Amino acid sequence: MWELQEFIGDGTSLNILLQILVLNKTFVISQPGVIKFGGSGCDVDLRPAVCSEVANMFVIGTDTNCVNGLQFNLSENVQGQSLVNGVLSKEYQLIKSGDMVQFRSVSNKKFMLIYKEINILFSSMERNIRKKAKTVANLIHAKVLSDWSNECNVLVMQSLIVTSKVICALLSCIPIVTPDYLEEIKKIQGYTFATKPDPKDFLPIMKEEKLTQNDASKFLPNDLRRLLFSGKVFFVLNKDKYNILSEIIRLGNGSSCLLDSPDALLTSNSNNKVHVTGHIAVDDLLRDILSKPESCVVHFHPTSVTESWQRKVYSVLRSLRRRPILESELGFAVVYCSTKLYCNPDKRCPDGLYQEIDISGTFSVNPFQIDSEVVSSELSQSSTTVVGAKIPDSTHRKFVPTVSFRSHHCFSFFV
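With the UniProt record's numbering as the guide, the letters of the sequence shown map in order to residues 1 to 415.
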């Protein structure tokens, strides 16, 4: 899909080259024709700086059968007014994807021509609605993805619930829209030049439990999420879980490390400038790694094979007055765009999360309770416990970028 993006300067400088450019509008170009730049009656309005037509962009269909088979040529009505990539344009200038067009008389605007593929992923949709949306996607030459990948740039849902695809979309700042958005794209593709529909206007209604429609704005793209896990290192106690969670952690600019055995501990420490010889004190090595502010241990439901090692890891955490974090906290942190409470091993785990996890008989002391809170929490539990959210045991559900957080369980928020 060909787009013409209009950027405006933020006014921080009289020189447009020194200003921060902000995307103002996006137009879609779908058919051969002529796009007029200028004043009243023109396709691209340059008022008040310009009152008359200053340039035309000729959209020419090519012989190729490719979806992007359009060619663009810029022609000036007033010589010396147009610049392409900062250089005065030729008499009949070919414009390519990525080129920036500017007019001398309009100091605060720039226009970029760009070709963007539409790569769609569906999540939590009824079969008949999904089938219809897929038909529309084919009509607008969109690519329908079967799984999450970095090429996805639109997530289509009937309603907003937290799925792992949603988490990946939020971390990648990808819009989440209803199938109606695809219908609008189909409508405008019948015209040479039209304003692109704003994905914000097609945000699905909220259906996630414990959230209201007022919380829907949390699911809009937010560039801060790209760096949500910056500086954090997540130690995962199971290889399969590590393979699953590492992609989500990476999308938030965090690091992940497998810590399923003493051997893995040595491997994780190999990048540190520490020379270890003779007898290795595992507890000391664990303490050195897990005491770092950026370290987070992701809880894994213990098995007979992992229980002994997990006890050791949790014992060291407890001696540091830190706690493991729950897998579900990654999702909460992403939705709320904050790691102040979630994914913070130095803060008490919200009661509503860990109380649903079966840890009885495995650990002598609750690993989610920071040492300084053991006594006080029992005294104040009646006044501090927040109504809990039912978080399913991660052992009985597979958390992958193509499967809902919920699986067959309810993933509810506590607020």
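Even glycine gets a Cβ: it sits at the ideal position worked out from N, Cα and C. Bear in mind that the values here come from a model prediction, so they are computed numbers and not experimental data.
Selection from the options that minimises the alpha carbon distance to residue i
i           : options                   : result
D45         : P179, L155 and F193       : F193
K132        : N153, M100, M157 and I20  : M157
Q189        : F7, Q369, I29 and P350    : I29
C152        : K116, R127 and V136       : K116
Y314        : S291, Y336, V334 and A333 : S291
L74         : G61, D63 and V54          : V54
I185        : V162, S159, L203 and H141 : H141
K25         : I60, E6 and I35           : E6
P32         : F72, K134, I167 and G9    : F72
D198        : T212, E209 and Y181       : Y181
V162        : D63, I8 and A216          : A216
M100        : I129, Y191, K187 and F111 : F111
V154        : T135, V78, T178 and P350  : T178
Y92         : C51, K312, M57 and L227   : M57
N85         : I95, Q79 and N77          : I95
residue 429 : G231, T306 and V87        : Since the first residue of the chain shown is 1 and the last is 415, residue 429 is not available in this structure.
W2          : Y191, A281 and T306       : Y191
A281        : I244, K312, E76 and D223  : K312
E247        : S172, R130 and T339       : S172
K165        : R130, K143, S123 and P175 : S123
According to DSSP, residues forming a beta bridge with residue i
i           : result
S246        : According to DSSP, which records beta bridges pairwise, S246 is partnered with nothing at all.
S82         : F103
residue 416 : The requested residue 416 does not occur in the structure, where the chain is confined to residues 1 to 415.
I205        : S159
C296        : F234
Q71         : I60
L88         : L83
I120        : V144 and V154
V177        : V156
L94         : N73
V50         : Looking at the DSSP assignment, V50 forms no beta bridge with any residue, so it has no partner.
D45         : G38
Extent of the continuous alpha helix (DSSP H) to which residue i belongs
i    : result
F332 : E327 to Y336
E307 : E307 to S319
E184 : D180 to I188
L285 : V282 to L290
K134 : R127 to L139
V34  : Element bounds for V34: not the alpha helix (DSSP H) but the beta strand (DSSP E), G33 to G38.
C168 : S164 to L171
Residue range of the beta strand (DSSP E) that includes residue i
i    : result
T195 : F193 to T195
V54  : Run containing V54: none; DSSP gives neither H nor E here.
L21  : L21 to I29
I114 : K109 to Y115
F7   : W2 to G9
C343 : Where C343 is concerned, there is no enclosing beta strand (DSSP E), given that its DSSP letter is neither H nor E.
L220 : Premise fails: L220 is in no beta strand (DSSP E) and is neither H nor E.
L228 : Element bounds for L228: n/a, residue is neither H nor E.
S255 : S255 to L258
Contact belief for residue i with residue j at Cβ below 8 Å, rounded distance in angstroms
i    : j    : result
P262 : H299 : Incorrect: roughly 19 Å between the Cβ atoms, too far for contact.
R287 : L320 : 7 Å
Q81  : S97  : That belief does not hold up - the Cβ atoms of Q81 and S97 are roughly 23 Å apart, past 8 Å.
D220 : K196 : Note on identity: in this sequence residue 220 is Leu, with Asp being the wrong assignment. Incorrect: roughly 17 Å between the Cβ atoms, too far for contact.
L265 : Q310 : At roughly 13 Å, the Cβ-Cβ gap does not stay under 8 Å, so L265 and Q310 are not in contact.
V233 : C296 : 7 Å
L228 : C337 : 7 Å
I176 : P204 : 7 Å
Nonlocal neighbours in the same chain, by C-beta distance under 6 Å from residue i, ignoring five residues either side
i    : result
L170 : R225 and V334
R47  : G39
M125 : Q158
D43  : I35, K36 and F193
C51  : G39
A49  : S105 and V106
Q102 : L83 and K110
Contact set for residue i: own chain, Cβ-Cβ below 8 Å, skip 5 residues either direction
i    : result
L145 : N119, I120, L121, E151 and C152
I60  : P32, L70, Q71, F72 and N73
D63  : G69
R250 : S256
P345 : S295, C296, V297, L317, R322, R323, P324 and I325
K239 : L258 and D260
L88  : G80 and S82
P367 : H299, Y314, L317, R318, R323, P324 and I359
S304 : none
Same chain, Cβ closer than 7 Å to residue i, neighbours up to 5 away in sequence not counted
i    : result
V316 : D283, L286, R287 and L290
S268 : C257, L259 and I289
F332 : Y342
K207 : S159, L160 and I161
S372 : With a pLDDT of 48 at S372, under the threshold of 50, the modelled position of that residue is not reliable, and no figure is offered here.
L139 : K186
L4   : F27, I29, F111 and L113
A137 : I120, V144 and L182
Short CB-CB distance (under 8 Å) between residue i and chain B
i    : result
P350 : Among the chains of the structure shown, chain B does not appear; only one protein chain is present.
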